[in-house]
Structure formats: C-alpha cells, structure tokens
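Below is one structure, written out as structure tokens, with a few remarks after it.
Residue numbers (the working numbering): 15 to 190.
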C-alpha cells in the first residue's frame, strides 16, 4: 500500500500530477499533507494539528519556491511548474531513502526544470537513491549515474550516461 511504502522510506513523484499527485480543488496546505495526514506531527489521536500543517506548507513553499506562496490557494490555480514543485516538496519533506520519480519535468517551464533537476541532484548527493523514469533522454543523461534501458518491459542494457551517445542509447531502445 502507499502508506506502507511511505513507512519504508519510499517517496513517489507520479507521472501525472493532476490525476495522481494533487487534489486540484484542495488548497496547498491540504495537498502538502497528502500521505502523512494520519501521523504526527500533522495528526494526533485523530485530530489535525493546524500549526504543524501550517509549518509544513510554509517549509515546502519556501524551500521549493512555490508561487504564489498562499496556503489557502487551490492547487488548480498554480502553474504546472509550481504544481510539480509542490509535489516534489511534499515528497522531499518525507526525507525518503528512495525516491521514485516519473517524468518530473513534463509540461513545466525551463526555470522549473532547472530547479527540479537541482533538487534531484541534491537528494542524490545526500546519499539517497533516486529512480528516475523519463522519456527525455537528455534529462536522463544529465541526471543519472547509471542508465538502464528497457524495451518491452525487459532490461536490454546498461550504459554510463556520461559516456554513451544518444545514438547508442536510441539503438538499444529500438532494438537496432
């Protein structure tokens, strides 16, 4: 279950932020506690701790540059990049041992892409595992330490992303 994964130190940034990452009609504060709404310090004995929730959303908004920084604002009203930064901030706040991230920069502007890449590298440099799934080959080669190519659900090869050419990787992907 999702709860069990969180308890094991596994966080997840889904491919589709609208369907799986956010409650679009809920505000930033409510979205900031998804996945931890049942545990301390956010909740205790079945009651929500509004101070802890306020602190959590404030930290996410500040540390991940979510704009505008208004906790009462609905997630729907944010740009795609700010929606993605809210999700990433929420998952980073879990201090995960492993982060599963799929298509982290799909549909976001260049400023958000650079910010998201920087945060993923910071997490990796802090000794955490990051499993990145992306259709953006340039993104993968820029961020990955190891690149494993899958085709039809099977591993077809592993290359060093710093030395492999896009042609070599492309051939592995297509079976050429």
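The beta-carbon is built from N, C-alpha and C at its ideal position, and this holds for glycine as well.
Euclidean distance between Cα positions of residue i and residue j
i           : j           : result
residue 55  : residue 69  : 10 Å
residue 74  : residue 166 : 37 Å
residue 130 : residue 177 : 23 Å
residue 190 : residue 184 : 8 Å
residue 128 : residue 156 : 11 Å
residue 126 : residue 137 : 17 Å
residue 182 : residue 188 : 10 Å
Residues sharing a beta bridge with residue i, DSSP
i           : result
residue 168 : 165
residue 145 : 114
Own chain partners of residue i with C-beta closer than 6 Å, once the 5 adjacent residues on each side are dropped
i           : result
residue 112 : 24, 143
residue 49  : 20
Beta carbon proximity, residue i to chain C, threshold 9 Å
i           : result
residue 134 : In summary, chain C is missing from the structure at hand, where a single protein chain is found.
Whether residue i touches residue j by CB criterion (9 Å)
i           : j           : result
residue 146 : residue 115 : yes
residue 88  : residue 67  : no
residue 92  : residue 42  : yes
Neighbourhood of residue i by C-beta, 8 Å cutoff - its chain only, sequence neighbours within 5 removed
i          : result
residue 38 : 32, 88, 89, 90
Close beta carbons around residue i, own chain, < 7 Å, minus the five adjacent residues each side
i           : result
residue 158 : 146, 175
residue 4   : In this structure the chain extends from 15 to 190, so residue 4 is not present and cannot be described.
(request) Can you check the segment 83 to 129 for any alpha helix (DSSP H) of at least 4 residues that lies completely inside it and give the ranges in chain order? (result) Counting whole runs of 4 or more residues, the segment 83 to 129 contains the alpha helix (DSSP H) stretches 94 to 106.
(message) In chain order, what are the residue ranges of uninterrupted beta strand (DSSP E) at least 3 long that sit wholly in the segment 24 to 70?
(response) Runs of the beta strand (DSSP E) inside the segment 24 to 70: 24 to 27.
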